[in-house]
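First comes the structure, then the notes that go with it.
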Amino acid sequence: MAAVFEKPSYWQRAAPMFRGFDGPLAFAVFLLVCAGLLTMYSSGYDHGTRFIDHGRNMLIAGAIMFVMAQIPPQRLMTFAVPLYTAGVVLLIAVAVFGITKKGARRWINLGVVIQPSEILKIAMPLMLAWWFQKREGQLRPLDFLVAAVLLGVPVGLIMRQPDLGTALLVLSAGLSVIFFAGLSWKLILPPALIGLVGVILIVIFEPSLCADGVRWPVLHDYQQQRICTLLDPSRDPLGKGFHTIQGVIAIGSGGVFGKGFMQGTQTHLEFVPERTTDFIFAAYSEEFGLLGNLFLIAGFVFLILRGLAIALEAPTLFSRLLAGAVTLIFFTYAFVNMGMVSGILPVVGVPLPFISYGGTAMVTLGMGLGILMAISKSKRLVQS
Numbered sequence: 073m074a075a076v077f078e079k080p081s082y083w084q085r086a087a088p089m090f091r092g093f094d095g096p097l098a099f100a101v102f103l104l105v106c107a108g109l110l111t112m113y114s115s116g117y118d119h120g121t122r123f124i125d126h127g128r129n130m131l132i133a134g135a136i137m138f139v140m141a142q143i144p145p146q147r148l149m150t151f152a153v154p155l156y157t158a159g160v161v162l163l164i165a166v167a168v169f170g171i172t173k174k175g176a177r178r179w180i181n182l183g184v185v186i187q188p189s190e191i192l193k194i195a196m197p198l199m200l201a202w203w204f205q206k207r208e209g210q211l212r213p214l215d216f217l218v219a220a221v222l223l224g225v226p227v228g229l230i231m232r233q234p235d236l237g238t239a240l241l242v243l244s245a246g247l248s249v250i251f252f253a254g255l256s257w258k259l260i261l262p263p264a265l266i267g268l269v270g271v272i273l274i275v276i277f278e279p280s281l282c283a284d285g286v287r288w289p290v291l292h293d294y295q296q297q298r299i300c301t302l303l304d305p306s307r308d309p310l311g312k313g314f315h316t317i318q319g320v321i322a323i324g325s326g327g328v329f330g331k332g333f334m335q336g337t338q339t340h341l342e343f344v345p346e347r348t349t350d351f352i353f354a355a356y357s358e359e360f361g362l363l364g365n366l367f368l369i370a371g372f373v374f375l376i377l378r379g380l381a382i383a384l385e386a387p388t389l390f391s392r393l394l395a396g397a398v399t400l401i402f403f404t405y406a407f408v409n410m411g412m413v414s415g416i417l418p419v420v421g422v423p424l425p426f427i428s429y430g431g432t433a434m435v436t437l438g439m440g441l442g443i444l445m446a447i448s449k450s451k452r453l454v455q456s
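Mapping of the sequence shown onto the numbering used here: position 69 corresponds to residue 141, and the numbering continues sequentially without gaps.
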């Protein structure tokens, strides 16, 4: 008797690709995406095609997340060294013959103009997680020194461009891997205390340190001005301090309940600069108020806690380190953006995840989410 085989349906063939997706993580992202679309429509509806482009970028990020989620963590390990090496080589190429815009050399033309520093946001934690996986069970102080060098090279090249915001993100991603790998608190506390003392001294001696003609070593002039403006925005209220002052005014004018959807006067009268990119949190706060901010912060907290839970339950050291680092990338994005708009951190070019407009950043976020999904799926496969 001839056996009869039924051809599987499209859904039966596609179902394994969706099986194992982390529901709580997807729900947190869904809430943040909804908040981002609402805010972008309000702040960018009269800004050309900004809202439509934002939606397109989210769809692209979603597709990248879906593809990355199909790659097992063991396979991701094979990309670590090539991706890191390519990123560093491209950063060196940028330093030699990169494209300069507005005084910064951050781009290179390879037929398509790209910003290589963006590659390191994912390549850096991949590389360090790979390194510590190879050294598992035999870690020595020298291994942490090698990790510091691997981190310091790209961060130094990015700061030379100069691009303080991206350098901060890459640095935080790398440091999180080193911390999760077991770096001793004895090595963490001294530089942390030195940094705290330095901040206190800068605040105390701000009048003399920020006086005209005083130049700080190491930092570029514009970086020095950003710190001085943070300490006293009224020094230049219509120039360097304008962004910070208007951001704080917009946040405060939202009150508890906000002015309402599309009712933000500071936003729509164009007092809030960069209202669809770096300062979109000010536009959001004005319209949705304190309650809206608490909802947004709760969404990010839930996303971060879920990411850390995935890291904690990951089956291998590589997966744990990578998931933890990727999760803290989201934390750094959100904390730095909200901090600079609120006037507690210097203004740097860091977008608010899923809320701010930006194609490259959205792609990076999609890759990060895909990695978390892949690690979560691998955990479930091991358990089954």
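Quick reminder that beta carbons are idealized off the backbone N, C-alpha and C, glycines included. As the structure is a prediction and not an experimental result, all values here were calculated from the model.
| Query | Result |
| --- | --- |
| With 16 other CB atoms within 10 Å as the buried threshold, where does residue 181 fall? | exposed |
| My assumption, with CB atoms under 8 Å, is that residue 225 sits in contact with residue 160. Please give the rounded CB distance. | 6 Å |
| For residue 200, which residues of its own chain have a beta-carbon under 8 Å away from its beta-carbon, when the five flanking residues on both sides are left out? | 219, 222, 223, 246, 249, 250, 253, 393 and 397 |
| Could you round the C-beta distance between residue 382 and residue 444 to whole angstroms and report it? I think they count as a contact, below 8 Å. | 6 Å |
| Is it buried or exposed for residue 335, if we count other Cβ within 10 angstroms and need 16 for buried? | exposed |
| Considering only C-alpha positions, which residue in the set 330, 239 and 258 is nearest to residue 422? | 239 |
| What are the uninterrupted segments assigned as alpha helix (DSSP H) that are 4 or more residues long and contained completely in the region 267-335, given in chain order? | 278-281, 293-303 and 314-325 |
| Please work out which residues of its chain come closer than 6 Å, Cβ to Cβ, to residue 305, disregarding the five sequence neighbours upstream and downstream, and give them in chain order. | 313, 316 and 317 |
| Look at residue 130 and residue 123 and say whether their C-beta atoms are less than 8 Å apart. | no |
| Please state the DSSP three-state secondary structure of residue 184. | coil |
| Whose C-beta lies closer than 6 Å to the C-beta of residue 292 among residues of the same chain, with five residues either side of it excluded? | 234 |
| Would you grab the beta carbon distance between residue 297 and residue 288 for me? Rounded to a whole angstrom, and I think it's under 8 Å. | At roughly 10 Å, the Cβ-Cβ gap does not stay under 8 Å, so residue 297 and residue 288 are not in contact. |
| By DSSP, does residue 195 sit in helix, in strand, or in coil? | helix |
| Exposed or buried, which one is residue 338 when buried takes at least 16 other CB atoms within 10 Å? | buried |
| Report yes if the CB atom of residue 319 is closer than 8 Å to the CB atom of residue 361, and no otherwise. | no |
| Within a Cβ cutoff of 8 Å, which residues of the same chain sit near residue 321, ignoring the five residues on either side of it in sequence? | 338 and 343 |
| So, with DSSP's three-state summary, where would you put residue 176? | strand |
| How is the alpha helix (DSSP H) around residue 404 delimited, first residue to last? | 389-414 |
| If contacts are defined as beta-carbon pairs under 8 Å, then residue 98 and residue 437 qualify, I think. What distance do you get, rounded to the angstrom? | With a Cβ gap of about 14 Å, residue 98 and residue 437 do not count as contacting. |
| Taking Cβ to Cβ, would you say residue 163 is nearer than 8 Å to residue 230? | yes |
| How long is the line joining the alpha carbons of residue 171 and residue 331, rounded to whole angstroms? | 43 Å |
| Three or more C-beta pairs closer than 8 Å, one from the region 102-121 and one from the region 349-365: is that the case here? | yes |
| Within 8 Å, do at least three Cβ pairs link the region 180-197 to the region 426-441? | yes |
| List the endpoints of the continuous alpha helix (DSSP H) containing residue 208. | It is not in any alpha helix (DSSP H) - residue 208 carries neither H nor E in the DSSP assignment. |
| With a CB to CB cut of under 6 Å and the five nearest residues on each side skipped, what residues in its chain are close to residue 76? | Any answer about residue 76 is weak, because its pLDDT of 48 lies below 50 and its placement is not dependable; what the coordinates show is given next. Nothing listed; no residue qualifies. |
| Return the first residue and the last residue of the alpha helix (DSSP H) that residue 98 is part of. | 95-116 |
| Whose C-alpha, out of 106, 119 and 149, is nearest the C-alpha of residue 391? | 149 |
| Is the CB-CB distance between residue 412 and residue 418 below 8 Å? | yes |
| Between the Cα of residue 103 and the Cα atoms of 370, 379 and 401, which residue gives the shortest distance? | 370 |
| So is residue 188 buried or exposed if we call it buried at 16+ other beta carbons inside 10 Å? | buried |
| Any idea if residue 408 is buried or exposed, counting beta-carbon neighbours within 10 angstroms, 16 or more meaning buried? | buried |
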